[in-house]
Amino acid sequence: MGKPDFPHSILEFQARFVDVRACLDYLFACRWPDGFACPRCHGTAVWPLATRRTGECTTCHHQTSLTAGTVLHKTHTPLLQWFWAAYLMSTATPGISALQLQRQLGLGRYETAWTMLHKLRRAMVAPGRSLLTGEVEVDECEVGGPEAGRKGGRSNIAAAAKVAVAVEVRGKGSGRVRMQIIHDASAETLEAFVMANVATGSVVHTDGWMGYARPPKKGYDHRPRSQRAAKREGNPEPIMPRVHRAISNFKSWLRGTHRSVSAEHLQVYLDEFTFRYNRRASPMVSFQRLLGLESHHEPTTLRQIISEGPSAAKRNLN
1 MGKPDFPHSI
11 LEFQARFVDV
21 RACLDYLFAC
31 RWPDGFACPR
41 CHGTAVWPLA
51 TRRTGECTTC
61 HHQTSLTAGT
71 VLHKTHTPLL
81 QWFWAAYLMS
91 TATPGISALQ
101 LQRQLGLGRY
111 ETAWTMLHKL
121 RRAMVAPGRS
131 LLTGEVEVDE
141 CEVGGPEAGR
151 KGGRSNIAAA
161 AKVAVAVEVR
171 GKGSGRVRMQ
181 IIHDASAETL
191 EAFVMANVAT
201 GSVVHTDGWM
211 GYARPPKKGY
221 DHRPRSQRAA
231 KREGNPEPIM
241 PRVHRAISNF
251 KSWLRGTHRS
261 VSAEHLQVYL
271 DEFTFRYNRR
281 ASPMVSFQRL
291 LGLESHHEPT
301 TLRQIISEGP
311 SAAKRNLN
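Those letters in the sequence shown? Residues 1 to 318, by UniProt numbering.
The structure is reproduced here in structure tokens:
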């Protein structure tokens, strides 16, 4: 049979998920696309219990939760609101802020919307995602801190943080992107970023920063080039336009959608931008991934989210 598909329009979403029963049926079909199979005895018959979030095998009486292993695990928020949150987050081109989600879903507490979005963001990163290949542009930038053209003060996007960025070259366009907070722009740190995100045998383009002076290990074709040298050679075109475009788009997206974020949670916003950027041609296929129906890692708890930034929920819930 295979897993059910995902809604391709808001009208299809409304028609398919009219109540909690429809959400539960969808979860059941995603979890057991070929019919129920008890994880203990492999029995094929199940009794629904309570609100049908849990099923009991008729043979061995083992109980299995429909939401276990997904972002919906042990949630007290109605499933229909979760489905709407995943749909809005996956289909809205610029994403959605916690305040917007609270208004759209009629949630009583801002913190509920904030928690839902953070749980959805943590379902975006696939543990075994493939490395970037071919030709890859690599650069680093600073998110927050002084900005060109800004009269005094500091950017309110986030506390200053260094971010490494890699983008695949696909003709004149861009392929996939990877973004990661780094402690510094030293040769060791940048080399580790390249090795963790770019497949060996790839061509790695960088600028003339001394942190790239030591070529990456394990068979990379490193081709550094400075903008100043390019101009001396009579080439006024900017070097590495794809990675610079990705950095600019990320900063514009962060300002436009989220206004400000706490430094403690900046990485998950980098992950969200990466997720959107890499699926920009087919955003609706992200619906199942966000609900955790295609993930292979444990869902994140609120305690884990808060522990990543102890003061985030009090100081800057956005």
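Glycine included, every Cβ here is placed at the ideal spot set by N, Cα and C. All figures in this text were calculated on a predicted structure; none of them were measured in a lab.
- Within 10 angstroms of the beta-carbon of Thr93 lie fewer than 16 other beta-carbons, which makes it exposed.
- Counting only runs that start and end inside the region 37 to 78, the beta strand (DSSP E) elements of at least 3 residues fall at 46 to 49, 54 to 57 and 63 to 65.
- Excluding residues up to 5 positions away in sequence, Pro7, Ala22 and Tyr26 lie with their Cβ nearer than 8 angstroms to the Cβ of Arg16 in the same chain.
- Between Leu80 and Leu101, the CB-CB gap reaches or exceeds 8 angstroms.
- Check the Cα spacing between Gly219 and each of Ala229, Val243, Val194 and Glu237: the tightest is with Val194.
- Distance from the CA atom of Pro241 to the CA atom of His205, rounded to whole angstroms, is 11 angstroms.
- In its chain, beyond the 5 residues on either side, Thr257 have a beta carbon closer than 6 angstroms to the beta carbon of Gly95.
- Going by DSSP, Ile239 is part of no alpha helix (DSSP H) at all; its letter is neither H nor E.
- Look at the beta carbons and you see the region 180 to 198 not touching the region 106 to 118: under three pairs across the two are nearer than 8 angstroms.
- Ser286 sits in a helix when the DSSP states are folded into three classes.
- Around the CB of Ala86, 16 or more other CB atoms lie within 10 Å, so the residue is classed as buried.
- Secondary structure of Ser174 (DSSP, three-state): strand.
- Between Leu120 and Leu302, the beta carbon gap of about 13 angstroms keeps them out of contact (Cβ cut-off 8 angstroms).
- In the structure shown, Val125 falls within a coil segment according to DSSP collapsed to helix, strand and coil.
- Secondary structure of His222 (DSSP, three-state): strand.
- Between the alpha carbons of Ser307 and Gly69 lies a distance of about 21 angstroms.
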